[in-house]
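Data first, discussion second: the structure below is written as structure tokens.
Numbering (the numbering used here), first residue to last: 165 to 507.
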């Protein structure tokens, strides 16, 4: 039977604008997983995915929310290529049996299957549970949750883990081109778009394939990727989170002319102290421009403590500080690596 305390909280949640803190994020993630890779049809709830960690998370959530008295059935879809490999089939079944903590797994072969571990579907049949979940998966309920940051963080992370993707740039596959969260349900995508914007992340809905009524919420640009990662919206799928993190670390900013001048000053000073007259010559910049970096209160080189002046033999010289040396070792701007190759 369902936990009475949880049942009571669900009844309240159906008419409230936020969920109890203990429930909010995890229940949001559970619903996001179902919306992304599951279905609720008549009396049947199912969730299918190839990621073992998502399957175990889903099972844990289901048992926490509804109790262990409702039976779960497991169906494993294996690639056709394994059909005659009894050893591999046995190893795969044993792997999944450990993950889902049961040896009662039915399996079949799929001609289109490519994943070695296959695709696991978790199924339960119960009219009461599906009725509850249909209410919570409705856009009416999801719309009311717009100000519950824990819930929407969980929901986005669940949907992204199940169905989202990080697409690479064509010319530089190391960095992301976009984050995409696709669905044929445009109303749900509108909910997701509004949720993501609550984290000050720019996004929009675009058509992936109008002929099949297939759309997606798309996120572009480094600053938005960084926020998506920082707010934990990708952390339910470690594989996708790591892909995004590696992509962010591969970004390099091409400095503008003004930035190039300040970096050039730092690189010259890294070779030893220089007078301003020497900097005029070596940087090939106007005296007024160099003086603004050396003396102006608004100079970021001074504000950041990257340079300092010193007197040697009665003459004023400029030199690099320890902070300036650290910056040159790993130059960044707003968290993005700076490309020094052309300076």
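Glycine residues also receive a C-beta, built at the ideal position from the N, C-alpha and C atoms. These numbers come from a predicted model, not from an experiment.
{"Query": "Close Cβ partners of residue 434 (< 8 Å) along its chain, the five nearest in sequence each way excluded", "Result": "484, 488, 489, 492"}
{"Query": "Test item: CB-CB of residue 294 and residue 205 under 9 Å", "Result": "yes"}
{"Query": "Among 192, 246, 388, nearest to residue 221 - alpha-carbon criterion", "Result": "192"}
{"Query": "Boundaries of the beta strand (DSSP E) in which residue 474 is found, first to last residue", "Result": "471-476"}
{"Query": "Local conformation of residue 274 per DSSP, three classes", "Result": "strand"}
{"Query": "Chain-order list of residues whose beta-carbon lies under 6 Å from that of residue 236 (same chain, five-residue window excluded)", "Result": "286, 288"}
{"Query": "Extent of the continuous alpha helix (DSSP H) to which residue 360 belongs", "Result": "350-361"}
{"Query": "Residue 212 (DSSP reduced to helix, strand or coil)", "Result": "strand"}
{"Query": "Strand pairing of residue 332, partner residues [DSSP]", "Result": "340"}
{"Query": "Straight-line gap, residue 445 to residue 429 (C-alpha atoms, nearest Å)", "Result": "11 Å"}
{"Query": "C-alpha distance - residue 211 paired with residue 337, whole-angstrom precision", "Result": "31 Å"}
{"Query": "As assigned by DSSP and simplified to three states, the class of residue 365", "Result": "coil"}
{"Query": "Stretch pair the region 302-314 + the region 229-248: three plus CB contacts closer than 8 Å", "Result": "no"}
{"Query": "Touch test, the region 446-464 against the region 400-417, Cβ-Cβ under 8 Å, three pairs minimum", "Result": "no"}
{"Query": "Coarse secondary structure for residue 396, derived from DSSP in three states", "Result": "coil"}
{"Query": "Segment contact, 8 Å Cβ cut-off, at least three pairs: the region 379-397 with the region 325-342", "Result": "yes"}
{"Query": "Every unbroken beta strand (DSSP E) within the region 237-274, with a cutoff of 3 residues, ordered by chain", "Result": "237-243, 269-274"}
{"Query": "Spatial neighbours of residue 234 in its chain, beta-carbon cut-off 6 Å, leaving aside the 5 residues before and after", "Result": "288, 290"}
{"Query": "Beta-bridge partners of residue 284, as assigned by DSSP", "Result": "213, 240"}
{"Query": "CB of residue 480 within 9 Å of CB of residue 449, strictly", "Result": "no"}
{"Query": "Opening and closing residue of the alpha helix (DSSP H) in which residue 296 lies", "Result": "291-300"}
{"Query": "According to DSSP, residues forming a beta bridge with residue 203", "Result": "210"}
{"Query": "Close Cβ partners of residue 274 (< 6 Å) along its chain, the five nearest in sequence each way excluded", "Result": "241"}
{"Query": "Where residue 292 falls, given that 16 or more other Cβ within 10 Å makes a residue buried", "Result": "exposed"}
{"Query": "3 or more residues per run - each beta strand (DSSP E) lying fully within the region 420-493", "Result": "471-476, 479-484"}
{"Query": "Rounded straight-line distance, which links the Cα of residue 474 to that of residue 464", "Result": "18 Å"}
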